[in-house]
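To start, the structure under review is shown below, and the notes come after it.
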Amino acid sequence: MRPVRPLAAALLAAALAGPLRAQAGDQPNLIFTIAGGLSLAAPLWSLDKQAAAVAGYPVSQSDTVALARRLRPGLTALLGATLFRSRHVGYTLEAAFFGLASEARCTVRDSFLTDTQRINEQTCTDLQGRHVPTNAVGFQAGAVYRFTARRIVEPYVRASAGFALLGGSFVETFGIVQSTSACAGLPTCRRFFLAEARRKEITWLVSLAAGASLNMGPGYRFRAEVRDLVIALPVVTGAAPVLSLDQTAQVGTRVRHIPVLTAGVDIVLERRHTRRY
């Protein structure tokens, strides 16, 4: 009868091995992410005809320019934390800087009226191609689903939403002109084609992302991700009335889709259970 006891012990160990492995696989783990990347260019707004007042001329006689703003490629930096309480589904928090730098465009529709100071011509020439340091700092929360867990390669999808603080103006359009008469005695000053009465400082955003992480050794993984950043940005919606040399723009909000590519490092922390037998 003695051989029966070792056999029974082996069968019992085999029966318990599966549940124990499953339990170990379902242990919570916390992942901290540090990443950087690039947001790609995207159109922002355009205005086909904007009248620009000319000093010494009545309002009915003005220059006409076409104005536009586009988003340039910009740097992205983010810090994130993801908690997996099961093998596949996790919850994520993220703080990110999106360098949504923009570029102004200006072209004259016909020709500039005769002006000894060439104010509008100087303005249009200076702002054509001007880089504007606009950006967004976003805070988001969401969920992530990884298709495989604790493997060399772990593909995943993620969705999150939150709010963003906007830096710089996505609307103001101005150039630097040289004119002591137009600049109140100063050698140079700003000449606005479009001014902003009240700058929008906060907005909402959504991120839809897909990526994969690669095992780099105990506690570390390399992560690469592509996301669709959906964000509501202030844009010019119509021509400003020609009331003076400073013109307040008609402003609204439009949703823009901005592709973002990121890569970084995951720091993986796992909770270990101590068992007594």
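Counting from 916, one number per residue, gives the positions in the sequence shown under our numbering. Just so it is clear, CB atoms sit at the ideal spot from N, CA and C, and this is done for glycine as well.
Annotated as distal: Ala1178 and Gly1014, with beta-carbon spacing of 8 Å or more. Leu1028 and Ser977 have their alpha carbons spaced roughly 7 Å apart. Taking 8 Å as the cut-off, the beta carbon of Ala1016 is found closer than this to the beta carbon of Val1047.
Using a Cβ-Cβ distance cut-off of 8 Å, the stretch 999–1009 and the stretch 1039–1046 are not in contact, since fewer than three pairs of beta carbons, one from each stretch, lie closer than that value. Here Thr948 is buried: its Cβ has 16 or more other Cβ atoms, across all protein chains shown, within 10 Å. Secondary structure at Thr1031: coil, using DSSP grouped into helix, strand and coil. Annotation for Phe1054: the continuous beta strand (DSSP E) segment containing it runs Asn1050 to Arg1061. The C-alpha of Ala996 is placed about 18 Å away from the C-alpha of Met1131.
Distance from Gly1126 to Val1183 at the Cβ level is roughly 15 Å; contact not present, criterion being Cβ atoms closer than 8 Å. By the criterion of a C-beta distance shorter than 8 Å, Arg1066 is surrounded in its chain by Asn1130, once the five residues flanking it on both sides are discounted. Asn1035 and Ser1094 have their alpha carbons spaced roughly 11 Å apart.
Of the residues assessed, Arg1138 falls on the buried side of the cut-off, its CB having 16 or more other CB atoms within 10 angstroms. Three or more Cβ pairs closer than 8 Å define a contact, and the stretch 979–990 falls short of that threshold against the stretch 1095–1104. Nearest C-alpha to Gln965 among Ala981, Gly971 and Tyr1060: Ala981.
Between the C-alpha atoms of Gly1082 and Glu1111 there is a straight-line separation of about 14 Å. The closest CA to that of Arg1061, considering only Glu1140, Leu1144 and Val1150, is found on Glu1140. When the beta-carbon positions are compared, Phe1054 and Phe1078 come within less than 8 Å of each other.
Linking Leu955 to His1172 through their CA atoms gives a straight-line distance of about 10 Å.
For Arg1142, the enclosing beta strand (DSSP E) has its first and last residue at Tyr1135 to Gly1153. Counting only runs that start and end inside the stretch 1068–1126, the beta strand (DSSP E) elements of at least 3 residues fall at 1068–1082, 1088–1093 and 1103–1109. For Ala967, the uninterrupted beta strand (DSSP E) run begins and ends at Ala957 to Ala967, by DSSP. Ala992 is bridged by DSSP to Gly951 and Phe1012.
Arg1142 is positioned such that its CB atom lies no closer than 8 Å to that of Ser1128. When C-alpha distances from Ser1075 are compared across Ala968, Ala1010 and Arg985, the shortest belongs to Ala1010. In terms of Cβ geometry, Leu962 and Leu986 do not form a close pair [threshold 8 Å]. Rounded to whole angstroms, the Cβ separation of Gln1032 and Ser1096 is 7 Å, and the two are in contact under 8 Å. Cβ-Cβ separation between Leu1120 and Leu1144: approximately 7 Å, consistent with a contact (criterion under 8 Å).
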